[in-house]
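There are 2 protein chains.
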Amino acid sequence: MTTNETLHLLTHHRSIRRFKNQSLDRDTIQTLLTAAQRTSSSMFMQQFSVISVTDPQLKQQFAEITTYPFTQSNGHLFIMIADQHRNEFIGEEAHENTKLLHDGDRSLAAFDDAALAGQSIVTAAESMGLGAVILGSILNDAQQVIDLLHLPKLTFPVFGIAVGYPDEKPNLKPRLPLESVHFENHYQEPDKQTLDAYDQTIQSYYTHRDSNTRNETFRHHIIHDMQVSPKKRSEILSILKNQGFFEN
Amino acid sequence: MTTNETLHLLTHHRSIRRFKNQSLDRDTIQTLLTAAQRTSSSMFMQQFSVISVTDPQLKQQFAEITTYPFTQSNGHLFIMIADQHRNEFIGEEAHENTKLLHDGDRSLAAFDDAALAGQSIVTAAESMGLGAVILGSILNDAQQVIDLLHLPKLTFPVFGIAVGYPDEKPNLKPRLPLESVHFENHYQEPDKQTLDAYDQTIQSYYTHRDSNTRNETFRHHIIHDMQVSPKKRSEILSILKNQGFFEN
């Protein structure tokens, strides 16, 4: 397979959840943000923002929400924000109708923009020898995050990214077989035999990896996660609507 | 500012919309998909799929939906799919309640996963000297895309990515000043003076760029795009719900 420095990074990604006690310097943070900003945005509307959480008390609150203590003590914590508020500001300034910014289409666009830019931050960090983990767990209490970060209407916290100097090198976690996720021209229904084989692969990975071993297949994992969810995650749709997204 | 090969790519990204008449070989496509698969996914639920559109008649239909003829004739066309269908299959196989997969939380997760993986494809492509453009324009007719690709419940087309050998080198399009999109600890309201300065930057860019020059500020662009939208894009929220997303 073709390779180069960037491809090597992308095809060897692992999430890092243990960091050395070393902050990122200003130049490094600036570089990560430049990579985020250069990312494509839907219709060039640049509908995302980033908040760096640096205040120790705020970091403590994110550690509680995410249940990850490393968001508190190490590296740098970015929160990616879906943001149509800036565009609504521009519309209101000009006394224009901003209704379109609230519809399903422009809501998805803001979430896309934030996610695309976030992935650029992860890749940029890894290229500098840093490690990163995407923290969907900030949505364990989306309303609290909105309140803590003073997020106005038409903004929403998409995920956090903890970046820092890695203090672990986890094994590469096997992905679904490519034929389960890539199709030509038409969607293909999932296939029991392929999932059976992948269950064995994942079970072997969890049994043999260097730390936090357990006996679990992919199906176990998926079924567990569709049965239980942190309580406040069930409120996300109503919070989205309260923030002015997905109105029509 | 720190730099390396990957950072150079990320900070010099431009969307490529004109490609040489040369297809991607199988190894290249495989490499791009491997990069996509290795990307982080929310709770390791791998809730995305990718469809390669290779059938000439189907490509013709995407050229019409997106209004971009280059989706038809050059490079390779990926469609990124938000996919909870595979996980619902696993749940139904085990006679489990799959209701959680339909909620706002897991809907956003599927869109996040597809976008993150899509950005890895773009970066991987650029590292190989290829060019790419993200095609949100497939949502000009989301229902037709669903029908064309035979997308079942709990799947949705997020965006397309056209990848190919670049036949243009557009100027770098200036982004919003970093202070407009990056904040510390709390969201900051947009600032008229900063937008004024950026309007001038964008006006100068559009006036002086190598092709397709026009007289337009950022505010003009944003206001135009919040007034008019292809007709069927207003149906996206109802199509999302019809596909089983954002049910609660």
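Chains A and B supply the protein sequences, listed in that same order.
For the first sequence, position 58 matches number 58 in the UniProt record's numbering, and the numbering has no gaps at all.
For the second sequence, position 105 matches number 105 in the UniProt record's numbering, and the numbering has no gaps at all.
Just so you know, even glycine gets a beta-carbon here, dropped at the ideal spot from N, CA and C.
In this structure, DSSP gives residue 90 (chain A) a helical state, which the three-state scheme calls helix. Comparing alpha-carbon positions, the option among A:164, A:211, A:238 lying closest to residue 77 (chain A) turns out to be A:164. When the alpha-carbon of residue 113 (chain B) is set against those of B:42, B:239, B:209, the nearest one is in B:42.
Its Cα nearest to that of residue 238 (chain B), the residue A:105 stands out among A:105, A:62, A:242. Setting aside the 5 residues that flank it on each side, residue 128 (chain A) is surrounded in the same chain by 28, each with a C-beta closer than 7 Å to its C-beta; the list follows chain order. Here residue 45 (chain B) is buried, its C-beta having at least 16 other C-beta atoms within 10 Å. Assignment of residue 83 (chain A) by DSSP, reduced to helix, strand and coil, places it in the strand class. Taking a cut-off of 8 Å for Cβ pairs, the stretch 62 to 77 of chain B and the stretch 190 to 203 of chain A do not touch, as fewer than three such pairs fall below it. For the stretch 189 to 216 of chain A, residues whose beta-carbon sits nearer than 8 Å to a beta-carbon of chain B comprise 189, 190, 192, 195.
Residue contact with chain A for residue 165 (chain B): absent (no Cβ-Cβ distance below 9 Å to any residue of chain A).
In the DSSP assignment, residue 135 (chain A) falls within the beta strand (DSSP E) that extends over 131 to 135. Contact note: residue 158 (chain B) reaches chain A through 108, 112, using a C-beta cutoff of 9 Å and chain order. Taking 9 Å as the CB threshold, residue 152 (chain B) lines the interface with chain A.
With at least 16 other beta carbons inside 10 angstroms of its own, residue 158 (chain A) counts as buried. For the pair residue 56 (chain A) and residue 62 (chain A), the Cα-to-Cα distance works out to about 10 Å. A straight-line Cα-Cα distance of about 10 Å links residue 84 (chain B) and residue 100 (chain B). Within the model, the alpha-carbon separation for residue 109 (chain A) versus residue 121 (chain A) is close to 18 Å. In chain order, 45, 47, 101 place their CB closer than 7 Å to the CB of residue 87 (chain A), counting only its own chain and leaving out the 5 sequence neighbours on each side. For the C-beta of residue 87 (chain B), the chain A residues within less than 7 Å are, from N- to C-terminus, 222, 226. When 8 Å is used as the limit between beta carbons, residue 30 (chain A) is near these residues of chain B: 1, 178, in chain order. In terms of beta-carbon proximity, residue 96 (chain B) lines the interface with chain A, with at least one pair separated by less than 9 Å.
A contact between stretches requires three or more CB pairs, one per stretch, nearer than 8 Å, and the stretch 185 to 197 of chain B fails this requirement with the stretch 132 to 150 of chain B.
In this structure, the CA atom of residue 184 (chain A) is about 6 Å from the CA atom of residue 53 (chain B). Counting only runs of 3+ residues, the beta strand (DSSP E) found wholly inside the UniProt domain "Nitroreductase" (11 to 165) of chain A occupies 48 to 53, 76 to 83, 131 to 135, 155 to 164, in chain order.
Judged by pairs of C-beta atoms under 8 Å, the stretch 8 to 23 of chain B touches the stretch 162 to 178 of chain B, as three or more such pairs exist. Within chain A, the residues placing a beta-carbon under 8 Å from that of residue 136 (chain B) are 42, 43, 109, 112, ordered along the chain. Chain A places a beta carbon closer than 9 Å to that of residue 105 (chain B), counting this residue as a contact. Closer than 9 Å to the CB of residue 76 (chain A) there is not a single CB belonging to chain B.
Taking a C-beta distance under 9 Å as the contact criterion, residue 181 (chain B) and residue 65 (chain B) do not qualify as a contact pair. Approximately 6 Å separates the beta-carbon atoms of residue 156 (chain A) and residue 245 (chain A); this is inside 8 Å, confirming the contact.
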